[in-house]
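Keeping their order, the protein sequence lines are chains A and B. Throughout the first sequence, residue numbering follows the numbering used here, covering 1 to 111 in sequence. Throughout the second sequence, residue numbering follows the numbering used here, covering 112 to 225 in sequence. The C-beta atom is built at its ideal place from N, Cα and C for all residues, glycine as well. Below is one structure, written out as structure tokens; comments come after it.
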Amino acid sequence: LAKTTQPISMDSYEGQEVNITCSHNNIATNDYITWYQQFPSQGPRFIIQGYKTKVTNEVASLFIPADRKSSTLSLPRVSLSDTAVYYCLVGTDTGRRALTFGSGTRLQVQP
Amino acid sequence: GAGVSQSPSNKVTEKGKDVELRCDPISGHTALYWYRQSLGQGLEFLIYFQGNSAPDKSGLPSDRFSAERTGGSVSTLTIQRTQQEDSAVYLCASSRGPNLDEQFFGPGTRLTVL
Numbered sequence: 001l002a003k004t005t006q007p008i009s010m011d012s013y014e015g016q017e018v019n020i021t022c023s024h025n026n027i028a029t030n031d032y033i034t035w036y037q038q039f040p041s042q043g044p045r046f047i048i049q050g051y052k053t054k055v056t057n058e059v060a061s062l063f064i065p066a067d068r069k070s071s072t073l074s075l076p077r078v079s080l081s082d083t084a085v086y087y088c089l090v091g092t093d094t095g096r097r098a099l100t101f102g103s104g105t106r107l108q109v110q111p
Numbered sequence: 112g113a114g115v116s117q118s119p120s121n122k123v124t125e126k127g128k129d130v131e132l133r134c135d136p137i138s139g140h141t142a143l144y145w146y147r148q149s150l151g152q153g154l155e156f157l158i159y160f161q162g163n164s165a166p167d168k169s170g171l172p173s174d175r176f177s178a179e180r181t182g183g184s185v186s187t188l189t190i191q192r193t194q195q196e197d198s199a200v201y202l203c204a205s206s207r208g209p210n211l212d213e214q215f216f217g218p219g220t221r222l223t224v225l
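Written as structure tokens, this is what we have:
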């Protein structure tokens, strides 16, 4: 399974764009990149998933360079409610092994 | 529709006792996951059921931990001879298909071992 590395924590202010980068140097050809968000006292929830280039939805954008050894979750104009832990997962839907969440990046948004 | 439910929401037990935690996944979801999360920590994968395949038990921390999934639906996580280090929130998730499909999480069971 591809190992992922994320910053432990990040700070931002309301209205700013936040970019969280995840390194996954040994990503496999069939692996996808998935991001989850977890608020305090809740289970994680799915944000976005991609394979290459750029994916955008109503919540975030995901940028994946051509070599796919890293990915960047971009949150536009964050608010206080975006304070959460963000997890990067890498894996494929074949095989029996589950994806693993790791420690995530704790984002603190200040007023 | 109904989401993933877990019971009990809180469980306090004494060291050495056995506990059972229950998870009701979303109807029709073939994949079910158990995780645990200690205070301020990330999610620790425990076990993964996918359809009729043999479960991925690679995350179970010791032989005191076991899980079953009956009829491809409800799952029970059993912890025997509980220890204080077992205290954590135990989260269950289900997804329509394997791995890449969005996982929907339950509210968790907070286990406290005295």
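Check                                                                                                                                                                        : Outcome
So does the segment 78-91 of chain A actually touch the segment 113-133 of chain B, counting three or more Cβ pairs closer than 8 angstroms?                                 : no
So, is valine 123 of chain B buried or exposed, given that buried needs 16 or more other C-beta atoms within 10 angstroms?                                                   : exposed
Between the segment 91-107 of chain A and the segment 174-186 of chain B, are three or more C-beta pairs nearer than 8 angstroms?                                            : no
Quick check on glutamine 195 of chain B - is its C-beta less than 8 angstroms from some C-beta in chain A?                                                                   : no
Looking at aspartate 11 of chain A: is its Cβ nearer than 8 angstroms to the Cβ of leucine 211 of chain B?                                                                   : no
If I measure Cβ to Cβ from aspartate 167 of chain B and keep anything under 7 angstroms in the same chain, skipping five residues before and after, which residues do I get? : Ile158, Tyr159
Between arginine 68 of chain A and chain B, is any beta-carbon pair separated by less than 8 angstroms?                                                                      : no
Give the DSSP bridge partners of phenylalanine 216 of chain B, in chain order.                                                                                               : B/Ala204
Using only the alpha-carbon positions, how far apart do serine 70 of chain A and isoleucine 8 of chain A sit?                                                                : 16 angstroms
Tell me which residue opens and which closes the beta strand (DSSP E) that serine 138 of chain B is part of.                                                                 : No beta strand (DSSP E) contains serine 138 of chain B, which DSSP labels as neither H nor E.
With 7 angstroms as the C-beta to C-beta threshold (strictly closer), list the residues of the segment 4-18 of chain A near chain B in chain order.                          : none
Should tyrosine 51 of chain A go down as buried or exposed, given a rule of 16 or more other Cβ atoms within 10 Å for buried?                                                : exposed
Could you tell me whether the Cβ of proline 65 of chain A comes closer than 8 angstroms to any Cβ of chain B?                                                                : no
Shortest alpha-carbon distance to glutamine 195 of chain B belongs to which of B/Phe176, B/Ser206, B/Leu222, B/Pro136?                                                       : B/Leu222
If distances are taken between C-alpha atoms only, which option among B/Phe176, B/Arg147, B/Gln214 comes closest to valine 130 of chain B?                                   : B/Phe176
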